Amino acid sequence: MSTAPLPGIQALLDSAHQAVTLAPFLGAATLAVTGVWAAVARGHIRRAWAALAERSSEPPTPSTPGCARARAARQPPDMTPLLRAVL
Numbered sequence: 004m005s006t007a008p009l010p011g012i013q014a015l016l017d018s019a020h021q022a023v024t025l026a027p028f029l030g031a032a033t034l035a036v037t038g039v040w041a042a043v044a045r046g047h048i049r050r051a052w053a054a055l056a057e058r059s060s061e062p063p064t065p066s067t068p069g070c071a072r073a074r075a076a077r078q079p080p081d082m083t084p085l086l087r088a089v090l
């Protein structure tokens, strides 16, 4: 009997050794790419919040969508028809 491993098993052992050797580098690269994406996302979120804050600080204009609804929500409802019906 030969004590040498079979060629398929030796190839499997070699690829496992390569995977174990490269795993820390692949993990570090994955974390670096994830960090870059997170930084980009944080920048987009900050810009979106800044634009939203800037837009909300401006008074609504008649061309602003929803301006009539906002104005109607700020004004108290007209109670004149109800008062006429009661009196």
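Per my numbering, the very first residue in the sequence shown carries number 4; after that it's consecutive. Ideal placement from N, C-alpha and C gives every residue a C-beta, glycine not left out. In this text, all values refer to a predicted model and were calculated from it rather than measured experimentally.
Residue interval of the alpha helix (DSSP H) (run including residue i)
i	result
residue 90	Residue 90 -> no alpha helix (DSSP H), and no H or E assigned at all.
Residue i versus residue j - alpha carbon distance
i	j	result
residue 89	residue 82	11 Å
residue 35	residue 28	10 Å
residue 48	residue 37	16 Å
residue 43	residue 50	11 Å
residue 30	residue 59	43 Å
residue 56	residue 26	44 Å
residue 18	residue 39	30 Å
residue 22	residue 41	27 Å
residue 33	residue 10	33 Å
Same chain only: Cβ atoms within 6 Å of residue i, ignoring 5 sequence neighbours per side
i	result
residue 52	none
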